[in-house]
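Colleague: Residue numbers (the working numbering): 140 to 245. Quick reminder that beta carbons are idealized off the backbone N, C-alpha and C, glycines included.
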DNA sequence: TTTTTGACTAGAC
DNA sequence: AGTCTAGCCAAAA
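1) Specify, as a first and last residue, the run of the alpha helix (DSSP H) that residue 150 falls within.
2) In the DSSP assignment, find the alpha helix (DSSP H) that holds residue 176 and state where it starts and stops.
3) In this structure, how does DSSP classify residue 213 when only helix, strand and coil are distinguished?
4) Is it buried or exposed, residue 206, if we count other Cβ atoms within 10 angstroms and call 16 or more buried?
5) Tell me, please, whether the segment 182 to 191 touches the segment 229 to 237 by the rule of three or more beta-carbon pairs shorter than 8 Å.
6) Relative to the alpha-carbon of residue 171, which residue among 149, 212, 202 and 163 has its alpha-carbon at the smallest distance?
7) Please classify residue 244: is it buried, with 16 or more other beta-carbons within 10 angstroms of its beta-carbon, or exposed?
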């Protein structure tokens, strides 16, 4: 069983909550989520928290991880990976246009 | 325990 | 538009 301290758990939960607040059809960057979660400068932790947000772990609810992209508006996965394809598909379901791995700005 | 990795980023070329 | 660097720091190796 993985050990994690109380402070980390709270940070993760604040990140998950913040991601859950992104409206459908919108996107936010890892850095923006970190800032909004009260963790400035810790964008990497957002990626880590999302990676560790799989069902069953910490009883977290479904999190719209696909609405989080990097600061350049690009998807942070290799183009050929299944998870990349899934992120694009989920964004397109929400009418978000993705071109060349980059979310189209408006 | 130490080192490396990584869903990151701002700034400098 | 790319490439590099330094800063970030929890997780995995």
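Modeller: Reading it off the structure:
1) 145 to 159
2) Where residue 176 is concerned, there is no enclosing alpha helix (DSSP H), given that its DSSP letter is neither H nor E.
3) strand
4) buried
5) no
6) Closest option to residue 171, Cα to Cα, is 212.
7) Here residue 244 is exposed. Its C-beta has fewer than 16 other C-beta atoms within 10 Å.
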